[in-house]
Amino acid sequence: TRRLQADLDRPASPAQRGPGHGRGGGGAAPALRHLPGRPRRRHRRGRGGPGPGRRPLRPRGRAIGRRDAPQPGLLLSGRGGTGMIVALPIVLVGLPGAGKSKVGHLLAERLGVPHIDTDALIVEREGRAISDIFAADGESAFRVMETAAVAHALTGHAVISLGGGAAATPAVRDLLDGHTVVYIDAPHDELVRRTAGKTHRPLLAADPDGALRRLRAEREPHYRAVATVTVPTGPGPVDDVVTDILNHLEHQ
Numbered sequence: 031t032r033r034l035q036a037d038l039d040r041p042a043s044p045a046q047r048g049p050g051h052g053r054g055g056g057g058a059a060p061a062l063r064h065l066p067g068r069p070r071r072r073h074r075r076g077r078g079g080p081g082p083g084r085r086p087l088r089p090r091g092r093a094i095g096r097r098d099a100p101q102p103g104l105l106l107s108g109r110g111g112t113g114m115i116v117a118l119p120i121v122l123v124g125l126p127g128a129g130k131s132k133v134g135h136l137l138a139e140r141l142g143v144p145h146i147d148t149d150a151l152i153v154e155r156e157g158r159a160i161s162d163i164f165a166a167d168g169e170s171a172f173r174v175m176e177t178a179a180v181a182h183a184l185t186g187h188a189v190i191s192l193g194g195g196a197a198a199t200p201a202v203r204d205l206l207d208g209h210t211v212v213y214i215d216a217p218h219d220e221l222v223r224r225t226a227g228k229t230h231r232p233l234l235a236a237d238p239d240g241a242l243r244r245l246r247a248e249r250e251p252h253y254r255a256v257a258t259v260t261v262p263t264g265p266g267p268v269d270d271v272v273t274d275i276l277n278h279l280e281h282q
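Per the numbering used here, the very first residue in the sequence shown carries number 31; after that it's consecutive.
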């Protein structure tokens, strides 16, 4: 007994001292030796709660933080207090003037993901304005470029704003199959107000009112065919449209 007590009272050797022993004055207590005849305690990873100093396991379906590496088909969470988990990419469709670019930019900001505008992507790739492409190459050539841009955009975890005529192209509708697609439905008068006097939309330049009526008749069936969510919009703030989209996505 005296020998065992002497072993316990003897100061620990440097190899037995824990990290930080002797720093700042007190340090950790000397390490106790195992007593003969006493079974060692094994710390096992049980199925109960986490032990002292151990992080709890993250549940499946957790909100993914911005530092997590993106994975194909992953569910990503939003930032800015949304507290949501949504499937990416999210695609916005609608007539010219519906606000797809503005809504897309703000929605991406709210979710903490990139925003891709396929018209802007085409301009960047071609080095020409959309109106110049229409004038020089024609609409058919532009639709081929647009389809390629949509295919590229869909490979990323982003909010994607499509051009007004993209969903009218059968190849684009095929690409959108299985994705989250939001149709932003704006009333005719509001579209005319937003697009009148604008020169960057070749199909509306001469007669916005008549062109928008014709385009709605031609394209709206395609928008509704590809849409998984339809959100009405009007003269109110863009932020309200984004909130409506998030509410619809949350309850899908």
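Each residue gets a CB set at the ideal place from its N, CA and C atoms; glycine is no exception.
Straight-line measurement puts the Cα of A196 at about 12 Å from the Cα of S170.
In the DSSP assignment, A165 falls within the unbroken alpha helix (DSSP H) covering 160-167. Taken through DSSP and simplified to helix, strand or coil, D204 comes out as helix. Closest in C-alpha terms to E250, from the list R223, P217, L141, A138, comes P217. Contact between I160 and A183 does not hold, since their C-beta atoms are separated by about 16 Å, which reaches or exceeds 8 Å.
In this structure, DSSP gives D147 an extended state, which the three-state scheme calls strand. If the five residues before and after R203 are omitted, its C-beta is found closer than 8 Å to the C-beta atoms of A197, H252, A255, V256, all from its own chain and listed in chain order. Residues A159, I160 of the same chain have their beta carbon placed closer than 7 Å to that of V153, with the five preceding and five following residues left out of the count. Judged by DSSP in its simplified three-state form, A188 adopts coil rather than helix or strand. Under the three-state reduction of DSSP output, P262 falls in the strand class. Per DSSP, the continuous beta strand (DSSP E) segment holding A117 begins and ends at 115-117. Rounded to whole angstroms, the Cβ separation of L192 and K130 is 7 Å, and the two are in contact under 8 Å. Cβ neighbours of V180 within its own chain (closer than 7 Å, five residues either side excluded): T148, L192, A196, V202, L205. Per DSSP, T199 is not a residue of any beta strand (DSSP E), being assigned neither H nor E. Annotation: L122 is outside any alpha helix (DSSP H); the continuous beta strand (DSSP E) that includes it extends over 120-123.
Here D219 carries a helix assignment [DSSP, helix/strand/coil]. If the five residues before and after V222 are omitted, its C-beta is found closer than 7 Å to the C-beta atoms of P238, D239, L242, all from its own chain and listed in chain order. Scanning its chain for C-beta atoms nearer than 8 Å, with the 5 sequence neighbours on each side dropped, one finds around E220 the residues G127, T263, G264, P265, in chain order.
With distances taken between CA atoms, L136 lies nearest to I275 out of I275, T258, L125, D215. Contact check for V261 and D215: beta-carbon distance about 7 Å, within the 8 Å limit, so the pair qualifies. One Cα belongs to Y213, the other to A166, and the distance between them is close to 30 Å.
In this chain, H281 is not harboured by any alpha helix (DSSP H), its DSSP state being neither H nor E. Linking P200 to R224 through their CA atoms gives a straight-line distance of about 28 Å. Under the criterion of beta carbons closer than 8 Å, V121 and T210 qualify as touching, at roughly 7 Å.
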